[in-house]
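Only one structure is covered here, and it is reproduced in the block below.
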Amino acid sequence: MTELLEEQRESWGTRGGFVLAAVGSAVGLGNLWRFPYELYDHGGGAFLIPYIIAVFVIGVPMLILEFSMGHFTQRAAPNAFARSHKRLEFVGWWSIILGFVIITFYAVILAYCFSFLWFSIKGIVTGGELPWAGEGLTGVENAKSFFNNTYLGKIDGPSLGNIRWNIFWPLVVTWVVMYLCIFRGVKLVGKIVWLTVPLPWLMLLILTVRGLTLEGSIEGLAYYLNPDWSELTKATTWRFAFGQAFFSLSLAFGGVMITYASFLHRKSDLNNNAAIIGLADFGTSFVAGLAVFATLGGMAFVTRQAGHPVAVQNVAEGGPALAFIAFPYALAQLPYSAWFSFVFFFALATLGIDSGFSITESVLAAITDKTGWRRCVVLPVISIVGLAIGMVYITQGGLNWLGVVGDFIDGTWGIAFLGLLECITIGWLWRVDVLRRHANERSDWKLGKWWDYLIRIFTPVILCSLFFWSLFDDLTREEGFLRSPDGDWILPNCVGLSVMILVPIAAVLVSCARGRGDLERRNSSEMNLQAKGQFGGTIALVLAGASAVLIMVLFRFAVEGRHERLLLCASLPLPAAAVIIGNHLLNRHNKSDTRASRLARWGGMLGTIDIGGFIALCLVYSTSKESEHAAHPPQEQLSTVSYVILGAVSLLIICGLGWCFYRALSAANEDAGIQHPDEVGDEEQETDA
Ligand code: PFF
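Counting with numbering that gives the first Met the number 0, you get residues 0 to 688 for the letters of the sequence shown.
Have a look at this one:
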């Protein structure tokens with residue numbers, strides 16, 4: 000097994016510093032800006048089912064995987080993957096490059112936040128109105144016009160137009176702030192997050208209390224929570240739930256959690272920290288939704304009273320529109336609007352800034368780990384390149400492109416796909432049992448063997464079925480995917496797909512370049528172990544290969560509208576047998592001196608993908624083609640089910656966090672599995688190695 004580097008790596012000061020930094024990365028614009036709308040738009044309370052599955056069944060175990068990889072290898076994502084298997088470095092670079100694509104537009108949204116923060120401060124200082132204030136539906140138009148015309152100078156269509164210099168300067172401020180937060184290394188980050196994490200929570204609390212105490216807030220909550228169960232039969236609902244969960248937990252792409260864990264002290268807890276981060280992130284999203292929709296409900300009530308009614312559905316739009324049009328408009332209808340607008344944008348900016356610098360830190364660590372170049376040289380270069388690429392998004396047509404790239408990255412092709420790749424490669428090609436033991440040795444509570452199967456089989460099957468289901472959905476759209484029925488190219492999809500294809504190509508090229516990682520790879524003795532189980536492996540691979548062909552044929556039929564149920568039933572036993580054989584061989588032969596044959600590992604891996612394909616086919620057969628999104632029916636009262644959802648979710652968050660802190664405290668009392676800042680230099684022998 001790969002030996003641990005015993006070099007002295009920089010380390011977080013305290014356990015709290017690490018947990019807060021990881022929470023800071025997870026809790027960001029995605030929680031306050033995206034989650035409430037995703038939930039509203041995909042079935043209200045019903046969306047919580049796929050979302051909770053995504054966060055707790057898939058997300059938290061994957062967080063543990065990323066933490067243990069980073070902690071075990073003490074390397075950022077690319078080198079962590081390289082040390083697990085010599086050819087996997089590109090997976091790490093894939094996530095880093097995707098992270099870099101994201102930070103270029105994430106910084107632009109942060110720049111919007113800084114601008115609106117500035118407008119709010121001006122509103123407070125001058126004692127006057129906010130520039131977007133207005134009454135009734137005309138007021139909504141005012142707010143839209145302020146954001147789209149006055150601020151963005153927006154033009155429709157694919158052309159970019161001129162650069163908006165009024166956004167350029169806030170963008171420079173954003174990059175400078177991120178630079179200042181990380182240029183001194185993670186010790187400083189560990190201190191800054193004591194401010195950037197609790198402060199927005201306080202602001203969010205203020206907004207929530209204010210929202211919930213407004214008359215009419217219940218009506219807003221009804222829009223947020225009343226479930227529409229039919230949404231659960233749609234591929235997009237599940238895709239958005241998983242995309243949002245991965246984005247929100249900073250999982251898979253960006254490699255942030257691997258990098259942050261690589262700076263952890265050798266004795267730090269991993270499992271409990273992952274659970275705390277998952278719960279804190281979910282809790283923040285849920286509470287943010289309450290704040291946003293309660294305020295929109297209050298706005299609907301006030302405008303009705305004033306005789307110029309604006310309903311919640313008149314303003315609740317997704318993406319930037321919610322944060323920069325609907326919510327500012329709603330606040331402008333209420334007393335002390337400039338103050339509360341300040342609180343909102345301050346919360347948004349501070350929530351986003353630590354997520355933003357976490358990606359930058361991850362890119363930085365990946366480059367310095369690979370090249371050995373100094374931080375003080377690499378960081379300014381990353382910042383300037385990021386700023387330069389961001390210029391595309393601050394043009395008049397920039398927001399359209401920001402949406403396209405964002406949708407692709409969170410959609411079928413982005414995060415969940417990378418998560419799938421991460422689990423399947425680590426699960427089958429490396430040894431998750433080693434990572435599990437590594438995590439267990441230092442954690443407040445232990446994982447069972449079930450975790451190995453979760454990472455190796457269950458998670459890839461779920462992500463794979465989602466991937467194929469969504470892909471099928473994309474490719475069979477009536478309006479076309481890359482070309483419209485009239486034969487015209489659909490430019491945004493072509494560009495989005497090209498970016499998604501270029502990223503892995505770039506990742507492979509970077510991973511082929513020589514670097515410090517090569518030395519570490521050569522040190523790895525893993526590959527020299529004797530391979531066992533060739534015969535069983537051959538059978539597994541043949542079975543999985545046959546079923547792959549069958550499933551591809553069935554997908555082809557499905558595109559033509561033919562549903563061959565009998566053939567479908569026949570296509571499950573083959574991959575199931577391949578997975579069982581592959582898994583058995585892995586359990587039997589992955590020992591300190593032997594290794595399951597390559598055939599067994601690839602057979603199991605392909606079998607897992609096939610099962611995902613099989614489930615996707617079942618979903619394609621059993622769900623109807625998606626209709627256009629139905630308009631939201633008017634809501635007045637929270638239904639009984641919504642009260643149950645509200646109670647159950649609150650209980651889950653409170654009891655979950657209570658249990659995690661109880662375990663952490665008990666462990667601290669026993670002086671086990673907890674980080675001691677003064678033991679940073681402690682040398683530890685890795686028994687697994
Ligand atoms: N989790 C952040 C949010 O919810 O806004 C976004 C993010 C940060 C994604 C860092 C990925 C990442 F690596």
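Using N, Cα and C, we set each Cβ at its ideal position, and we do this for glycine too.
The structure presented is a predicted model; accordingly, all values stated were derived computationally and were not measured.
TODO: Helix, strand or coil for residue 372, going by three-state DSSP, please let me know.
DONE: Taking the first residue of the sequence shown as position 1, residue 372 is located at position 373. In the displayed model, residue 372 falls within coil according to three-state DSSP, outside both helix and strand.
Task: Start and end residues, alpha helix (DSSP H) containing residue 576 - done: For the purposes of this step, residue 576 is taken as residue 577 along the sequence shown, with counting starting at 1. It spans 572-588 - the alpha helix (DSSP H) in which residue 576 sits, taken as one unbroken run.
Task: Burial state of residue 586 (16 or more Cβ within 10 Å) - done: By 1-based counting over the sequence shown, the position of residue 586 is 587. Exposed is the call here.
Task: Which of helix, strand or coil DSSP assigns to residue 669 - done: The residue given as residue 669 occupies position 670 in the sequence shown. In the structure shown, residue 669 sits in coil (DSSP, three-state: anything other than H, G, I, E or B).
Open item on the list: In chain order, what are the residue ranges of uninterrupted alpha helix (DSSP H) at least 4 long that sit wholly in the stretch 437-513?
Closed with: 449-452, 458-474 and 490-511
- [ ] Less than 8 angstroms between the CB atoms is what I'm expecting for residue 202 and residue 62, so what's the real figure, rounded?
- [x] In the sequence shown, the residue the question calls residue 202 occupies position 203. In the sequence shown, the residue the question calls residue 62 occupies position 63. Actually they are not in contact, since the Cβ atoms of residue 202 and residue 62 sit about 26 angstroms apart, beyond 8 angstroms.
Open item on the list: Let me check you understand the geometry: is the CB of residue 252 closer than 7 angstroms to at least one non-hydrogen atom of the ligand PFF?
Closed with: On the sequence shown, residue 252 is found 253 positions in, with the first residue counted as 1. The answer is yes for residue 252.
Task: 8 angstroms Cβ shell around residue 480 - same chain, five flanking residues per side excluded - done: The count along the sequence shown starts at 1 and reaches residue 480 at position 481. Cβ within range, chain order: 473, 474, 489 and 492.
Task: CA-to-CA distance, residue 150 to residue 346, given in whole angstroms - done: The residue labelled residue 346 in the question sits at position 347 within the sequence shown. The residue labelled residue 150 in the question sits at position 151 within the sequence shown. In a straight line, the C-alpha of residue 346 is about 21 angstroms away from that of residue 150.
TODO: Round the Cβ separation of residue 495 and residue 391 to the nearest angstrom and send it over; I've been treating them as touching at under 8 angstroms.
DONE: Mapped onto the sequence shown, residue 495 falls at position 496. Mapped onto the sequence shown, residue 391 falls at position 392. Rounded, the Cβ-Cβ distance is 14 angstroms, inconsistent with contact.
Task: Cα-Cα separation between residue 47 and residue 615, rounded to whole angstroms - done: In the sequence shown, counting from the first residue as 1, residue 47 sits at position 48. In the sequence shown, counting from the first residue as 1, residue 615 sits at position 616. Taking the straight line from one Cα to the other gives about 21 angstroms.
Open item on the list: For residue 296 and residue 215, which I take to be in contact (beta-carbon distance under 8 angstroms), what is that distance rounded to the nearest angstrom?
Closed with: What you label residue 296 is simply residue 297 of the sequence shown in a count that begins at 1. What you label residue 215 is simply residue 216 of the sequence shown in a count that begins at 1. Yes, residue 296 and residue 215 are in contact; Cβ-Cβ is about 5 angstroms, under 8 angstroms.
- [ ] Would you mind stating whether residue 277 and residue 54 have Cβ atoms separated by less than 8 angstroms?
- [x] Along the sequence shown, read from residue 1 onward, the residue named residue 277 stands at position 278. Along the sequence shown, read from residue 1 onward, the residue named residue 54 stands at position 55. Cβ distance < 8 angstroms, so residue 277 and residue 54 count as in contact.
TODO: Rank 565, 647, 583 and 581 by C-alpha distance to the C-alpha of residue 613 and give the top, closest one.
DONE: Position 614 of the sequence shown, counting from 1, holds the residue named residue 613. Of the candidates 565, 647, 583 and 581, the one whose C-alpha sits nearest the C-alpha of residue 613 is 565.
Task: Residue interval of the beta strand (DSSP E) (run including residue 593) - done: For the purposes of this step, residue 593 is identified with residue 594 of the sequence shown, where counting begins at 1. Element bounds for residue 593: 593-595.
Open item on the list: Checking 8 angstroms against the spacing of the C-beta atoms, do residue 49 and residue 292 come in under that value?
Closed with: To locate residue 49, count along the sequence shown from 1; it is residue 50. To locate residue 292, count along the sequence shown from 1; it is residue 293. In this structure, residue 292 does not lie closer than 8 angstroms to residue 49 by Cβ.
- [ ] On a CA-only basis, which of 101, 605 and 461 is nearest residue 549? Give me that one, please.
- [x] Translated into positions along the sequence shown, residue 549 becomes position 550. Cα-wise, what sits closest to residue 549 is 605.
TODO: State yes or no: is the C-beta of residue 25 nearer than 7 angstroms to some heavy atom of the ligand PFF?
DONE: Sequence index remark: in the sequence shown, residue 25 carries index 26 (1-based). Yes, Cβ of residue 25 sits closer than 7 angstroms to a heavy atom of the ligand PFF.
Task: residue 154 beta carbon less than 8 angstroms from that of residue 395 - done: Along the sequence shown, one-based indexing puts residue 395 at 396. Along the sequence shown, one-based indexing puts residue 154 at 155. Yes.
- [ ] Below 8 angstroms on the Cβ atoms is my guess for residue 97 versus residue 352; work out the distance and round it to an integer in Å.
- [x] In the sequence shown, the residue the question calls residue 97 occupies position 98. In the sequence shown, the residue the question calls residue 352 occupies position 353. With a Cβ gap of about 20 angstroms, residue 97 and residue 352 do not count as contacting.
Open item on the list: Is residue 28 close to the ligand PFF? I mean its beta-carbon at under 7 angstroms from any heavy atom of the ligand.
Closed with: To locate residue 28, count along the sequence shown from 1; it is residue 29. The answer is yes for residue 28.
Open item on the list: Distance check for residue 17 and residue 633, CA to CA, integer angstroms please.
Closed with: Mapped onto the sequence shown, residue 633 falls at position 634. Mapped onto the sequence shown, residue 17 falls at position 18. In this structure, the alpha-carbon of residue 633 lies about 44 angstroms from that of residue 17.
TODO: Identify whether residue 243 lies in helix, strand or coil by the three-state DSSP scheme.
DONE: The count along the sequence shown starts at 1 and reaches residue 243 at position 244. If DSSP states are grouped into helix, strand and coil, residue 243 belongs with the helices.
- [ ] Report the residue from 232, 217, 260 and 333 whose alpha carbon sits nearest the alpha carbon of residue 288.
- [x] Mapped onto the sequence shown, residue 288 falls at position 289. It is 217.
TODO: Would you mind sorting residue 657 into buried or exposed? The rule is 16 or more other CB atoms within 10 Å of its CB.
DONE: In the sequence shown, the residue the question calls residue 657 occupies position 658. Per the 10 Å Cβ criterion, exposed.
Task: Local Cβ density within 10 Å of residue 334, reported as buried at 16 or more and exposed below that - done: Within the sequence shown, the letter at position 335 stands for residue 334. Per the 10 Å Cβ criterion, exposed.
Open item on the list: Rounded to whole angstroms, what is the Cα-Cα separation between residue 24 and residue 124?
Closed with: Counting from one through the sequence shown, the residue named residue 24 turns up at place 25. Counting from one through the sequence shown, the residue named residue 124 turns up at place 125. Going by the C-alpha atoms only, they are around 32 angstroms apart.
Open item on the list: With distance defined between alpha-carbon atoms, name the residue in 44, 69, 619 and 11 nearest to residue 646.
Closed with: Translated into positions along the sequence shown, residue 646 becomes position 647. Out of 44, 69, 619 and 11, 44 has the C-alpha closest to the C-alpha of residue 646.
- [ ] Measure the alpha-carbon distance for residue 191 versus residue 622 and round it to whole angstroms.
- [x] Position 192 of the sequence shown, counted from the start, is the residue given in the question as residue 191. Position 623 of the sequence shown, counted from the start, is the residue given in the question as residue 622. Spanning the alpha carbons of residue 191 and residue 622 requires a straight line of approximately 48 angstroms.
Open item on the list: Cutting at 6 angstroms between CB atoms, please list the residues of its own chain near residue 160, excluding the five before and the five after it.
Closed with: The sequence position of residue 160 within the sequence shown is 161, counting from 1. Only 154, 394, 395 and 396 meet the Cβ criterion.
Task: C-alpha gap between residue 117 and residue 384, whole angstroms - done: Counted from its first residue, the sequence shown places residue 117 at position 118. Counted from its first residue, the sequence shown places residue 384 at position 385. Answer to the nearest angstrom: the Cα atoms are 26 angstroms apart.
Task: Segments of 4+ residues assigned as alpha helix (DSSP H) that fall wholly inside the stretch 194-238 - done: 197-211 and 216-224
Open item on the list: Given this structure, state the Cα-to-Cα distance separating residue 74 from residue 337, to the nearest angstrom.
Closed with: For the purposes of this step, residue 74 is taken as the residue at position 75 of the sequence shown. For the purposes of this step, residue 337 is taken as the residue at position 338 of the sequence shown. When rounded, the distance between both Cα atoms is 45 angstroms.
- [ ] For residue 669, I'd like the list of residues in its chain whose CB is within less than 6 angstroms of its CB, leaving aside the five on either flank, ordered along the chain.
- [x] For the purposes of this step, residue 669 is taken as residue 670 along the sequence shown, with counting starting at 1. There are no such residues.
- [ ] Return helix, strand or coil for residue 154, following the three-state DSSP convention.
- [x] Taking the first residue of the sequence shown as 1, we reach residue 154 at position 155. Residue state, collapsed to three classes: coil.
Open item on the list: I'd like to know whether the C-beta atoms of residue 454 and residue 422 end up nearer to each other than 8 angstroms.
Closed with: For the purposes of this step, residue 454 is identified with residue 455 of the sequence shown, where counting begins at 1. For the purposes of this step, residue 422 is identified with residue 423 of the sequence shown, where counting begins at 1. Yes; because the gap between Cβ atoms is below 8 angstroms, this pair is in contact.
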